[in-house]
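Chains as they are written, first to last, in my numbering: chain A, 1 to 321; chain B, 1001 to 1320. Every residue, glycine too, gets a C-beta built ideally from N, C-alpha and C.
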Amino acid sequence: MTAYIVGRLIQAVPILIIVSLVGFVVIQATGDPLAAYTVDASLTGEDIARLRAKYGLDKPVPIQYLNWLKNLLTGDWGRSFYTKKPVIEMVFETLPNTVILVAFSYAMTLTIAIALGILTAVRQYSVLDHAITAISFVGIATPSFWMGLLLIMFLALRMKAAGLPYLPVGGMFDHRVGKTVPQVLWHVILPAFTLSFVMTARYLRYIRSSVLEELYEDYVRTARSKGLKERVVFARHVLRNALLPLLTLVGLGIPSLLSGTIVIESMYTWPGMGRLFWRAAERVDIPILMALLMFVSVLTVLSSIVTDVLYAAVDPRIRFT
Amino acid sequence: MTENRLEPQAFKGSPTAEMGPAGDKLRGQEAQQVDWMRPEESMLRLYMRRFFRHRLAVASTFVLLFLAGVCFIVPVFVPEIAANILDFEGMFAPPSWEHPFGMDAVGRDMLMRCIYGGRISLRIGTLAAMIAVSIGVTVGAIAGYNMGFIDNILMRFTEALMSIPTLFILIVLGRVLGPSIAITTIIIGALAWMGTARIVRAEILSLKEQDFVLAARSTGVPPRRILVRHLIPNVIAPIVVSATLRVGQAIIMEASLSFLGLGVQPPTATWGNMLTRAQGHLRNAPWIAVFPGLLILITVLCINFIGDGLRDAMDPHALR
């Protein structure tokens, strides 16, 4: 097992190097990072040149890349061109907020998708099944930001207009109350639900077909024929096998989920990594962009390794090779 | 029937032979007998017949044709200025007979904008999908046919791109290259090919061990010709299905990008950029947000159903 994990980690290295190269080349092309300084009239050409030398921007791109790589590996992620704060600090300030958002949307997705997926599989071809299937097809085809607009309209604005309790549409907490746990929970509902809506529809379809597939396997018939109660057959045998593939789905879904956070966090002004990225992109803040890119790629690669290891740990049929 | 029925099935261009290994193995003797009793039918006819049995897919095709027809034919008769006339009297006018979709924040007719926007959105979706599928098929086929070093390099590159959230690169690239329809299309296409590449590679990997490839190779057919004439035609079914689904994906990507204010810029309308400022007007003019989004939803829904229909129609395991 250790050998397997080490092997996978070694395989991950070239992938991450390619990601960083692609990112570096693309971001290099975004233009002059010192463009903001050239506007400042009090700076002469010499000052700019000195700044350029200070940030190492006067060297050829390959050397710049190697320098950046060396600094990254030694824990020096550079400073933001704008706020002048260390990048590592800015990333880890926003990280917990994104984790809260993502954790809540995964919790919502899994609860709803597992419950409805099982229900629709057990009641296959019932009215309920058809209705939920139709909704989930619509869900898969919905752009998440549009869902967000509709949710804001109905759950916030309409409710407020009707004098009913309504959900907040921006920020993490009410500034008059402060950042308390109930406040954050109250504010996370809308963005988390928006983020999870499309994902829920997709997972639901997946769970439904996977339960249906297992339901007619031989081992289920065996379990029934030896007199086990239907509930036991279902919980101990069917579900165990049917829900296993979810691991892969969750593990591989992380990059697209993080894509989603960029849009959703900008919509709901949620102070997370997605919004940090969006603002850094607006200002061509290279150190932040590169740090976030690498952070997310490492996360993606690690999560795929963890998924595979977990998969083997839960399913005795899978052996490491 | 005619005497060519006596020839071995595998050389007859029957669905089983055409579809390669999966069809051969799974259908077996019994299925072949069914084929023997039926007159010859071309692949295309067979696919069409199966597709038309899928009612949702057929209905979706008509809805999509109608939408695309409106979006592409109306602009022929109505000049583009109709989508850009500012009528300050009519700012935020709700839907009426005269303006069925209402008016937006500067008094432009939402219906005309939806039509002109739809033309751009559909075009970007289709072209981006075509770009994505071309890259995907090329990379997948080359990787699948050349084992070892080339395969390794290409697949590592594919995996690397898959581990970056697409929107990250889209946003950065979108800023670099500036907003235009062509650039938006190309960027989206260049970032959506990885799935197709993996499907094609997997199919080619199993196909190239087949006897017909061995036969071709032993008669001296050069590798490129084997790839283009013998292998890729056998992977057409999954390619068509993934191309269809890719169109929907590209439309949503364009919409997200334009919604964030990148991508195609106003006054040129797309379904995505019409929604950019909608969030601020949800209270007094919800129709600004509702209609473009609804059109995206309907289009993508139809495309997904058509994809499903094609998948079933071209399924080599299906018996009839």
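1) Which one of B/L1257, B/G1280, B/I1303 has the shortest CA to CA distance from B/T1270?
2) Check whether the stretch 110 to 127 of chain A and the stretch 1248 to 1257 of chain B touch, using three or more Cβ-Cβ pairs below 8 Å as the test.
3) What do you get for A/Y323, buried or exposed, if any count of 16 or more other CB atoms within 10 angstroms of its CB means buried?
4) Within a Cβ cutoff of 7 Å, which residues of the same chain sit near B/K1025, ignoring the five residues on either side of it in sequence?
5) 7 Å is my cut-off, CB to CB: does B/E1254 come that close to chain A?
6) Express the C-alpha separation of A/V232 and A/Y219 in angstroms, rounding to a whole number.
7) Across which residues does DSSP place B/D1109 in a beta bridge pair?
8) Quick check on DSSP: helix, strand or coil for A/P245?
9) Using alpha carbons as the reference points, say which of A/G7, A/A281, A/A201, A/G170 lies closest to A/S144.
10) Residues of the stretch 149 to 169 of chain A with a CB closer than 8 Å to any CB of chain B: list them in chain order, please.
11) Roughly how far, in whole angstroms, is the beta-carbon of B/M1103 from the beta-carbon of B/G1117, given that I think they are within contact range, below 8 Å?
12) Taking CB distances under 7 Å as the criterion, tell me whether A/W68 reaches chain B.
13) What does A/R79 pair with, by DSSP beta-bridge criteria?
14) Between the Cα of A/A291 and the Cα atoms of A/I15, A/V19, A/I10, A/L9, which residue gives the shortest distance?
15) So, helix, strand or coil for B/I1188, using DSSP?
16) By DSSP, does B/I1164 sit in helix, in strand, or in coil?
17) Just to confirm my understanding: we take B/A1057, look at its own chain, exclude 5 residues before and 5 after, and list those with CB closer than 7 Å. What are they?
18) State yes or no: is the beta carbon of B/R1156 nearer than 7 Å to at least one beta carbon in chain A?
19) Let me know the secondary structure DSSP gives B/K1025 once reduced to three states.
20) Name the residues in the stretch 1143 to 1167 of chain B whose C-beta lies less than 8 Å from a C-beta of chain A; which are they?
21) Smallest Cα separation from A/S80: which of A/V263, A/F277, A/L21?
22) Considering just the uninterrupted stretch of the alpha helix (DSSP H) at B/I1085, what are its terminal residues?
23) Rank B/P1165, B/F1101, B/F1259, B/G1220 by C-alpha distance to the C-alpha of B/V1290 and give the top, closest one.
24) How about A/Q183 and A/F173: do their beta carbons lie closer than 7 Å?
25) Taking Cβ positions only, does A/P255 come closer than 7 Å to chain B?
26) Let me confirm a value: B/G1136 is counted as buried when at least 16 other C-beta atoms fall within 10 Å, else exposed. Which label applies?
27) State the CB to CB distance for the pair B/C1071 and B/I1115, rounded to an integer number of angstroms; the pair is presumed to be in contact (CB under 8 Å).
28) Measuring CA to CA, which of A/G274, A/E282, A/V250, A/N71 is closest to B/G1261?
29) Taking only beta carbons into account, state which residues of the stretch 293 to 311 of chain A come closer than 7 Å to chain B, listed in chain order.
30) One question on the structure: do B/V1172 and A/V298 come within less than 7 Å of each other, judged by their Cβ atoms?
31) May I ask you to report which of helix, strand or coil DSSP gives A/D174?
32) Express the C-alpha separation of A/Q11 and A/G272 in angstroms, rounding to a whole number.
33) Inspect the beta-carbon positions of B/A1143 and B/R1201 and report whether they are closer than 7 Å.
34) Hey, is B/L1301's beta-carbon within less than 7 Å of any beta-carbon in chain A?
35) Residues of the stretch 118 to 147 of chain A in Cβ contact with chain B at a cutoff of 9 Å, in chain order, please.
36) Can you pull the chain A residues whose beta carbon is under 9 Å from the beta carbon of B/N1304, in chain order?
This is what the structure gives:
1) Numbered from 1 along the second sequence, position 270 holds the residue referred to as residue 1270 of chain B. Here the closest residue by C-alpha is B/L1257.
2) no
3) What is shown of chain A runs 1 to 321, which leaves residue 323 of chain A out entirely.
4) Taking the first residue of the second sequence as position 1, residue 1025 of chain B is located at position 25. Its pLDDT being 45, under 50, B/K1025 is placed unreliably by the model, and nothing is read from it.
5) Taking the second sequence and counting its residues from 1, one reaches residue 1254 of chain B at position 254. No, B/E1254 lies away from the interface with chain A (no Cβ there is under 7 Å from its Cβ).
6) Taking the first sequence and counting its residues from 1, the one referred to as residue 219 of chain A is at position 219. Taking the first sequence and counting its residues from 1, the one referred to as residue 232 of chain A is at position 232. Their Cα atoms are separated by approximately 13 Å.
7) By 1-based counting over the second sequence, the position of residue 1109 of chain B is 109. Paired residue(s): B/M1103.
8) Within the first sequence, the letter at position 245 stands for residue 245 of chain A. If DSSP states are grouped into helix, strand and coil, A/P245 belongs with the helices.
9) For the purposes of this step, residue 144 of chain A is taken as the residue at position 144 of the first sequence. Nearest of A/G7, A/A281, A/A201, A/G170 to A/S144, Cα basis: A/A201.
10) L149, L150, I152, M153, L157, A161
11) In the second sequence, residue 1103 of chain B corresponds to position 103, counting from 1. In the second sequence, residue 1117 of chain B corresponds to position 117, counting from 1. That belief does not hold up - the Cβ atoms of B/M1103 and B/G1117 are roughly 15 Å apart, past 8 Å.
12) If you number the first sequence from 1, residue 68 of chain A lands on position 68. Closer than 7 Å: no.
13) Numbered from its first residue, the first sequence carries residue 79 of chain A at position 79. A/R79 pairs with A/P86.
14) Here residue 291 of chain A corresponds to residue number 291 of the first sequence, with the count starting at 1. Per the Cα distances, A/V19.
15) To locate residue 1188 of chain B, count along the second sequence from 1; it is residue 188. DSSP places B/I1188 in helix when its eight states are reduced to three.
16) Here the question's residue 1164 of chain B lines up with position 164 in the second sequence. Collapsing the DSSP output to three states places B/I1164 in coil.
17) To locate residue 1057 of chain B, count along the second sequence from 1; it is residue 57. Closer than 7 Å at Cβ, skipping near neighbours: F1051, F1305, I1306, D1308, G1309.
18) By one-based count along the second sequence, residue 1156 of chain B stands at place 156. Chain A, which has a Cβ nearer than 7 Å to the Cβ of B/R1156, makes this yes.
19) Here residue 1025 of chain B corresponds to residue number 25 of the second sequence, with the count starting at 1. With a pLDDT of 45 at B/K1025, under the threshold of 50, the modelled position of that residue is not reliable, and no figure is offered here.
20) R1156, F1157, E1159, A1160, L1161, M1162, S1163, I1164, P1165, T1166, L1167
21) For the purposes of this step, residue 80 of chain A is identified with residue 80 of the first sequence, where counting begins at 1. Nearest neighbour of A/S80 by Cα position, chosen from A/V263, A/F277, A/L21, turns out to be A/F277.
22) Indexing the second sequence from 1 puts residue 1085 of chain B at position 85. First-last for B/I1085: undefined, no H or E at that position.
23) What you label residue 1290 of chain B is simply residue 290 of the second sequence in a count that begins at 1. For B/V1290, the nearest C-alpha among the options comes from B/F1101.
24) Residue numbering aside, residue 183 of chain A sits at position 183 when the first sequence is read from its first letter. Residue numbering aside, residue 173 of chain A sits at position 173 when the first sequence is read from its first letter. It is a contact, given that the beta carbons lie within the stated cut-off.
25) For the purposes of this step, residue 255 of chain A is taken as the residue at position 255 of the first sequence. Answer yes: the Cβ-Cβ gap between A/P255 and chain B drops below 7 Å somewhere.
26) Taking the second sequence and counting its residues from 1, one reaches residue 1136 of chain B at position 136. Buried, by the Cβ-count rule.
27) Here the question's residue 1071 of chain B lines up with position 71 in the second sequence. Here the question's residue 1115 of chain B lines up with position 115 in the second sequence. Confirmed, Cβ separation roughly 5 Å.
28) In the second sequence, residue 1261 of chain B corresponds to position 261, counting from 1. Checked all of A/G274, A/E282, A/V250, A/N71; the closest Cα to B/G1261 is A/E282.
29) If the cut-off is 7 Å between Cβ atoms, the stretch 293 to 311 of chain A has L293, V296, S297, T300, V301 near chain B.
30) Residue 1172 of chain B sits at position 172 when you count from the first residue of the second sequence. Residue 298 of chain A sits at position 298 when you count from the first residue of the first sequence. No; because the gap between Cβ atoms is not below 7 Å, this pair is not in contact.
31) Counted from its first residue, the first sequence places residue 174 of chain A at position 174. Three-state result, A/D174: coil.
32) Position 272 of the first sequence, counting from 1, holds the residue named residue 272 of chain A. Position 11 of the first sequence, counting from 1, holds the residue named residue 11 of chain A. Rounded to whole angstroms, A/G272 to A/Q11 spans 30 Å at the Cα level.
33) Start at 1 with the first residue of the second sequence, and residue 1143 of chain B comes out as number 143. Start at 1 with the first residue of the second sequence, and residue 1201 of chain B comes out as number 201. It is a contact, given that the beta carbons lie within the stated cut-off.
34) Position 301 of the second sequence, counting from 1, holds the residue named residue 1301 of chain B. So, interface residue.
35) The stretch 118 to 147 of chain A vs chain B, Cβ under 9 Å: F137, V138, I140, A141, T142, P143, S144, F145, W146, M147.
36) Here residue 1304 of chain B refers to the residue found at position 304 when the second sequence is read from its first residue. Here the neighbours are F137, I140, A141.
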